[in-house]
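Protein sequences, first through last, are from chains A and B.
Taking my numbering as reference, the numbering of the first sequence is continuous, increasing by one, and the terminal residue is 111.
Taking my numbering as reference, the numbering of the second sequence is continuous, increasing by one, and the terminal residue is 1112.
Glycine is no exception: its CB is placed at the ideal position from the N, C-alpha and C atoms.
Data first, discussion second: the structure below is written as structure tokens.
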Amino acid sequence: QQQVRQSPQSLTVWEGETAILNCSYEDSTFDYFPWYWQFPRESPALLIAIRPVSNKKEDGRFTIFFNKREKKLSLHITDSQPGDSATYFCAAYRRNYKPTFGKGTSLVVHP
Amino acid sequence: GPKVLQIPSHQIIDMGQMVTLNCDPVSNHLYFYWYKQILGQQMEFLVNFYNGKVMEKSKLFKDQFSVERPDGSYFTLKIQPTALEDSAVYFCASSSTRYEQYFGPGTRLTVL
């Protein structure tokens, strides 16, 4: 049972466009949603995170939009750059310490 | 930023042997995690460890797996005996709270 789902599996945009990565979850007890990015042959790194008390979190060109009622969130990357090309993982945490990761979205930004 | 170190970076062993993966977490962090990632796939949570105890483990954390952090040194993942399906990259992570985790560079384990 996949508790955290991501779409699309892969996404290609041109430099300067906005990339939109989607994530949905099933369990309403999740209380923390980080996005990690991972470059090839590197470890994941925390990019941005949100808690259900907020419906938006912004950090520079990266914005999370959160819809608690629909159990959906999305990561918007404005003015995409080739250096943003990576795999993006949406994750969800519960109070019992057990993080669940989605399968990831592979983003390619063409110059 | 804070660095998590993992030793070794690569390990090749024969099926049935024991392997120990070592993690040097960020010095003031209290929560420790192991994840498994097969090439090109998602991160799979294995186990987390706090205050000397396993707090939560997934169904991937088989009986052949064990973790410990003796005397505040390395946080280790031991697999005994190893199986072919254990081949993957194993990431260690640590955090000061239960949330923001810092990941190590991973250990690529190949079981022949």
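In this structure, how does DSSP classify L1005 of chain B when only helix, strand and coil are distinguished?
Counted from its first residue, the second sequence places residue 1005 of chain B at position 5. The answer is strand: DSSP assigns L1005 of chain B an E or B state.
Does DSSP put P99 of chain A in a helix, a strand or coil?
For the purposes of this step, residue 99 of chain A is identified with residue 99 of the first sequence, where counting begins at 1. Coil.
Check the Cβ of P99 of chain A against every Cβ in chain B and list those closer than 7 angstroms, keeping chain order.
As a first step, residue 99 of chain A must be located in the first sequence, where it is residue number 99. Correct list: F1045.
Does R1098 of chain B pass the burial test, meaning 16 or more other C-beta atoms within 10 Å, or should it be called exposed?
Here the question's residue 1098 of chain B lines up with position 98 in the second sequence. Burial is judged here by how many other beta carbons sit within 10 angstroms of a residue's own beta carbon; R1098 of chain B has at least 16 and is buried.
Bounding residues of the beta strand (DSSP E) (the contiguous stretch that carries N1022 of chain B)
Translated into positions along the second sequence, residue 1022 of chain B becomes position 22. Taken as a continuous stretch (DSSP letters only), the beta strand (DSSP E) holding N1022 of chain B covers V1019 to D1024.
Nearest candidate by alpha-carbon position, reference T1020 of chain B, set B:P1105, B:I1038, B:F1045 and B:Y1090
Numbered from its first residue, the second sequence carries residue 1020 of chain B at position 20. Ranking B:P1105, B:I1038, B:F1045 and B:Y1090 by Cα distance to T1020 of chain B puts B:Y1090 first.
Taking only beta-carbon atoms, is A45 of chain A less than 8 angstroms away from chain B?
Within the first sequence, numbered from 1, the residue matching residue 45 of chain A stands at position 45. By this cut-off, A45 of chain A is an interface position.
Does the pairing of the stretch 1002-1011 of chain B with the stretch 1036-1044 of chain B give three or more beta-carbon distances under 8 angstroms?
no
Contact check, V13 of chain A vs A91 of chain A, beta carbons under 8 angstroms:
For the purposes of this step, residue 13 of chain A is taken as residue 13 along the first sequence, with counting starting at 1. For the purposes of this step, residue 91 of chain A is taken as residue 91 along the first sequence, with counting starting at 1. Result no, Cβ atoms of V13 of chain A and A91 of chain A do not sit closer than 8 angstroms.
Can you tell me the Cα-Cα spacing of M1115 of chain B and Q1006 of chain B, whole angstroms?
It is not possible to answer for residue 1115 of chain B, since the shown part of chain B is limited to 1001 through 1112.
Going along the chain, which residues of the stretch 6-31 of chain A sit with their C-beta nearer than 9 angstroms to a C-beta in chain B?
Q6
So, are the CB atoms of K71 of chain A and F65 of chain A less than 8 angstroms apart?
As a first step, residue 71 of chain A is located in the first sequence; it is residue number 71 there, counting from the start. As a first step, residue 65 of chain A is located in the first sequence; it is residue number 65 there, counting from the start. Result no, Cβ atoms of K71 of chain A and F65 of chain A do not sit closer than 8 angstroms.
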